[in-house]
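Single-structure report; data block below.
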């Protein structure tokens, strides 16, 4: 979303065919250490010239200044990165609702555990994380339209993607919670109206949510 | 460990008594947003002057250049931070072995789920993560004594702490695995011999592992 918002030139290597030296084989060569002395542990990673940067939060902190999607001052940059790492934790916990026993097993083999985990997630963690971002917007000295500073930054885009995923996975829970987080909801609506984001969401570069991804809609886990 | 290795001046606020405006109440005031417009979601966080930095990985990326515990060039810094975020993922998965259903419940209320999760952890994740760091040492163009560059960096200290925690939590599993990761084991031994680290480990500033922490020794989860 950061690359799309900024109109940057990029290739989503994993979604290309393997024919042109791209696709999954190109990614595997990096993970195996055949292409670099600095192999990431896992996707996603960004290659920019000779630089290889792993982890969404690290990629965004690399791209932020280059795409003008983070304020200039050091304090704002550490703050934005801390918020992104909080979203990382939030998304990991959301994923683990459908995979509490382990990522190597199918959901169907951990349905009972998932149901227990979903209860704890809905009772405590989901309202706590969303309420935190509502509070961050309320506290922002530059106004409540953005999470960091007075302009759009990458962390606003990341919150958009997280809320979109949560609405897909847990439509009932989110319908129940959203009246309590009006500033988050307004920010998400505002991001979704941006021209480059709208174009991206309508394009085939955008992957829709599904039960193969991080955010999965299993009705029995939506309270 | 980074602060101790560098001989930096710091206060571990949460372990002070509440009398001098320190202790848990001082931390709570930050989390509630009473002391800053930039409240972290959760501990740990670092306060350095007016700056508040959350998350271990973000704190270490802030401290690294200031304590000379990371190389100067940009590529090494993004690489070190990516490795730290990989350790973050590793430690989170290790924690979730004893808390698969949720952090809000006691271990005793999720023992069956923990046993299943431990199996998947020992079969796949533990050897995969440790093998990755062995490979990173083997690949390092500056030699296999350190993870990044030719000198000690904060990521070496973090790997030390992770391996120490794993040895405490899973002594049998680690005894079985360690012959396969000689470079990791050598680095951990080397870090443990450093004067400032030895002094720290022997001091009452150092918290020992226990069943209240991230790394817990439950014999039934050690395969």
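Chains as they are written, first to last, in the working numbering: chain A, 148 to 370; chain B, 148 to 370.
Glycine included, C-beta positions come from ideal geometry on N, C-alpha and C.
These figures come from a predicted structure and were not determined experimentally.
1) Looking at the structure shown, is residue 298 of chain B part of a helix, part of a strand, or coil, going by DSSP?
2) Going by the DSSP bridge assignment, what does residue 198 of chain A pair with across the sheet?
3) DSSP three-state label for residue 247 of chain B, please.
4) Is the stretch 195-207 of chain A close to the stretch 221-237 of chain B, with three or more CB pairs under 8 Å?
5) Spatial neighbours of residue 183 of chain B within its chain, please: CB distance less than 8 Å, with the 5 preceding and 5 following residues excluded, ordered by chain position.
6) For the stretch 280-292 of chain B, which residues have a beta carbon sitting closer than 8 Å to at least one beta carbon of chain A?
7) Rounded to whole angstroms, what's the CA-CA distance from residue 290 of chain A to residue 345 of chain A? Just pull it up for me.
8) Roughly how many angstroms separate the alpha carbons of residue 224 of chain B and residue 370 of chain A, rounded to a whole number?
9) Just the C-alpha distance for residue 169 of chain B and residue 309 of chain A, rounded to the nearest angstrom, thanks.
10) In whole angstroms, what separates the C-alpha of residue 332 of chain B from that of residue 277 of chain A?
11) On the DSSP letters alone, give me the boundaries of the alpha helix (DSSP H) that residue 347 of chain B sits inside.
12) Below 7 Å on C-beta distance, what does residue 229 of chain B contact in chain A?
13) Give the range of the alpha helix (DSSP H) segment to which residue 272 of chain A is assigned.
14) What did DSSP end up calling residue 223 of chain A once you bin it into helix, strand or coil?
15) Could you tell me the distance, in whole angstroms, from the CA atom of residue 311 of chain A to the CA atom of residue 247 of chain B?
16) CA-CA distance, residue 302 of chain A and residue 323 of chain B?
17) Could one say the Cβ of residue 350 of chain A lies closer than 8 Å to chain B's Cβ atoms, at least one of them?
18) From residue 153 of chain B to residue 214 of chain A, what does the alpha carbon distance come to, in whole angstroms?
19) Taking the alpha carbon of residue 300 of chain A as the point to measure from, which residue in A:335, A:216, A:338 has its own alpha carbon closest?
Taking the coordinates as given:
1) coil
2) A:195
3) coil
4) yes
5) 177, 199
6) 282, 283, 286, 287, 288
7) 24 Å
8) 43 Å
9) 35 Å
10) 41 Å
11) 342-349
12) 187, 200, 201, 202, 205
13) Note, residue 272 of chain A: premise wrong, no alpha helix (DSSP H); not H, not E.
14) helix
15) 25 Å
16) 43 Å
17) no
18) 35 Å
19) A:216
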